[in-house]
Amino acid sequence: MKIEPKHVIPTVIRYTFSAIICSFTMTLPLSAKDQPQWGQQCRNMVSFETNIPASFNPETGLNIKWQVPLGTQSYSTPVISNGKIFIGTNNDKPRDPRHKGDRGILLCLDETDGSLLWQLVTPKLQGDAYLDWPKAGICSSATVDGDRVYVVGNRAEIFCLDINGQYNGNDGPFKTEGEMMVLPGNEPIETTKLDADVIWSLDMKTAPINMYPHDSAHSSILVDGDLLYLNTGNGVDNTHKKIRRPDAPSLIVVDKNTGKLVAKDDERIGLKIVHSTWASPSLSNGNVQKQIIFGGGNGICYGFQVPSPLPQKQSAQNLKRLWYFNCDINAPKDDPHNYMRNRKVSALCARMGETIPCH
Ligand SMILES: [Ca+2]
Numbered sequence: 339m340k341i342e343p344k345h346v347i348p349t350v351i352r353y354t355f356s357a358i359i360c361s362f363t364m365t366l367p368l369s370a371k372d373q374p375q376w377g378q379q380c381r382n383m384v385s386f387e388t389n390i391p392a393s394f395n396p397e398t399g400l401n402i403k404w405q406v407p408l409g410t411q412s413y414s415t416p417v418i419s420n421g422k423i424f425i426g427t428n429n430d431k432p433r434d435p436r437h438k439g440d441r442g443i444l445l446c447l448d449e450t451d452g453s454l455l456w457q458l459v460t461p462k463l464q465g466d467a468y469l470d471w472p473k474a475g476i477c478s479s480a481t482v483d484g485d486r487v488y489v490v491g492n493r494a495e496i497f498c499l500d501i502n503g504q505y506n507g508n509d510g511p512f513k514t515e516g517e518m519m520v521l522p523g524n525e526p527i528e529t530t531k532l533d534a535d536v537i538w539s540l541d542m543k544t545a546p547i548n549m550y551p552h553d554s555a556h557s558s559i560l561v562d563g564d565l566l567y568l569n570t571g572n573g574v575d576n577t578h579k580k581i582r583r584p585d586a587p588s589l590i591v592v593d594k595n596t597g598k599l600v601a602k603d604d605e606r607i608g609l610k611i612v613h614s615t616w617a618s619p620s621l622s623n624g625n626v627q628k629q630i631i632f633g634g635g636n637g638i639c640y641g642f643q644v645p646s647p648l649p650q651k652q653s654a655q656n657l658k659r660l661w662y663f664n665c666d667i668n669a670p671k672d673d674p675h676n677y678m679r680n681r682k683v684s685a686l687c688a689r690m691g692e693t694i695p696c697h
């Protein structure tokens with residue numbers, strides 16, 4: 339069935355796992371809305387757009403407005419705001435000769451033609467590959483709020499970025515972008531208009547959060563008022579049997595203007611994290627009570643009361659839990675890592691297909 343597009347969808351989609359951004363042919367002026375954060379605050383992915391094309395084909399150009407290559411791996415979902423597209427990827431297709439080798443990349447592209455406006459570039463964490471998996475790039479989906487872009491980088495750092503990058507100068511208190519783009523101990527590089535402008539950053543690996551990353555840092559940051567809500571990404575180490583930072587929170591709340599930690603969960607989830615804490619929080623504005631919904635790395639879903647305003651100089655408060663729901667009541671909750679060998683049994687069953695009954 340062929341459907342004629344009535345207007346452009348200023349939504350980009352990721353074509354295949356690795357390569358191409360495309361958007362649809364424009365036959366009427368722009369009318370669709372921005373998508374500044376992943377699924378809006380409630381994470382509802384239903385679009386209210388109408389008259390969208392039912393099919394597209396990057397090979398033939400059917401309903402494709404433009405396409406540009408990403409890196410070789412891209413796990414981030416694109417968001418769109420103010421004529422700009424933001425998507426994370428790796429550096430296997432370098433856009434700037436100053437940055438070569440494996441890097442975390444957040445691209446800011448022009449919505450009209452996909453051209454590069456600026457990019458956030460950060461080196462990989464060194465040492466254990468499980469801290470920052472090779473070639474994974476920046477996996478988080480960015481969130482745009484006004485003229486600020488919030489994203490979690492591959493080094494488990496929260497970034498507040500200027501939506502206009504370095505084009506309008508180096509804004510905010512953070513002035514060391516040249517050091518940020520190289521490994522510690524290396525000579526800083528000069529920033530150009532192709533570089534991101536960091537307003538502030540918060541390293542979740544250090545106090546007061548002290549999380550331990552596993553595989554790849556990921557969160558789609560939720561913005562509500564002056565607060566950012568995000569999962570920390572705390573997880574197991576490379577043995578998949580040990581939690582190095584059992585006291586680290588799983589859910590945190592940060593002041594979007596300053597990067598100051600405002601609140602954290604106090605559920606003692608740490609030792610019970612099965613793998614890592616990759617689920618992004620969502621906001622419910624239901625009839626009962628405004629609350630944050632969060633899927634913990636222990637297989638339990640929580641509802642938290644939104645925090646009260648934090649007076650100056652006060653330390654981070656603990657989030658008040660309203661309810662919880664055990665999503666898998668038959669699974670072990672206190673010592674999940676003793677069951678990690680079950681993964682190998684499952685894999686064997688998958689390989690043997692119908693010949694081995696799996697339980
Ligand atoms: Ca700027």
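Under our numbering, think of the first position of the sequence shown as 339, with each following residue one higher.
For every residue, glycine included, the Cβ atom is placed at its ideal position computed from N, Cα and C.
In terms of side-chain proximity, the C-beta atom of D533 is found no nearer than 7 Å to any non-hydrogen atom of ligand 1. Put simply, the backbone Cα of F386 is about 29 Å away from that of I476. Counting the other Cβ atoms within 10 Å of the Cβ of Q629 gives 16 or more, which makes it buried. Relative to ligand 1, N524 has its C-beta separated by 7 Å or more from all heavy atoms. Under the three-state reduction of DSSP output, Y488 falls in the strand class.
In this structure, the C-beta of Q457 stays at least 7 Å away from each heavy atom of ligand 1. Judged by DSSP in its simplified three-state form, P674 adopts helix.
In the structure shown, L469 adopts helical secondary structure according to DSSP, grouped into three states. Within the region 482-555, the complete alpha helix (DSSP H) segments of 4 residues or longer fall at 515-518, listed in chain order. Checking the DSSP bridge columns, you'll see W661 partnered with G641.
Close CB contacts of M383 within its chain, under the 8 Å cut and outside five residues either way in sequence, are with G377 (chain order). Residue environment analysis places E495 among the buried positions, since at least 16 neighbouring C-beta atoms fall within 10 angstroms of its C-beta. In this structure, the straight-line span from the alpha carbon of E605 to that of S622 is close to 20 Å. In the three-state scheme derived from DSSP, where H, G and I count as helix and E and B as strand, L599 is classed as strand. The three-state reading of DSSP puts K594 in coil, since its state is none of H, G, I, E or B. In the three-state scheme derived from DSSP, where H, G and I count as helix and E and B as strand, G608 is classed as helix. The three-state reading of DSSP puts I476 in coil, since its state is none of H, G, I, E or B. Rounded to the nearest whole angstrom, the CA to CA distance from D466 to G624 is 43 Å.
Secondary structure at S419: strand, using DSSP grouped into helix, strand and coil.
Less than 8 Å separates the beta-carbon of P461 from that of R441.
Three or more beta-carbon pairs separated by less than 8 Å are not found between the region 417-430 and the region 531-551, which leaves the two stretches without contact.
Remark: the C-beta of D509 is in contact range of ligand 1, defined as less than 7 Å to any heavy atom. Placement of the Cβ of D500 at a distance of less than 7 Å from at least one heavy atom of ligand 1 is found.
Under the three-pair Cβ rule at 8 Å, the region 606-620 counts as touching the region 572-588. Judged by DSSP in its simplified three-state form, P407 adopts strand. A buried status is given to P551, since no fewer than 16 other beta-carbon atoms sit within 10 Å of its beta-carbon. Taking 8 Å as the cut-off, the beta carbon of T481 is found closer than this to the beta carbon of I559.
Under the three-state reduction of DSSP, F394 is assigned to coil, being neither helix nor strand.
From the listed residues S414, F424, P391 and N595, the smallest Cα separation to I501 is found for F424.
Rounded to whole angstroms, the separation of the alpha carbons of G491 and P472 is 14 Å. When the beta-carbon positions are compared, S554 and A474 come within less than 8 Å of each other. In the DSSP assignment, V574 forms a beta bridge with I581. Separation of E449 and A617 (C-alpha to C-alpha, rounded to the nearest whole angstrom) is 28 Å.
Relative to ligand 1, the nearest heavy atom lies less than 7 Å away from the CB of N506.
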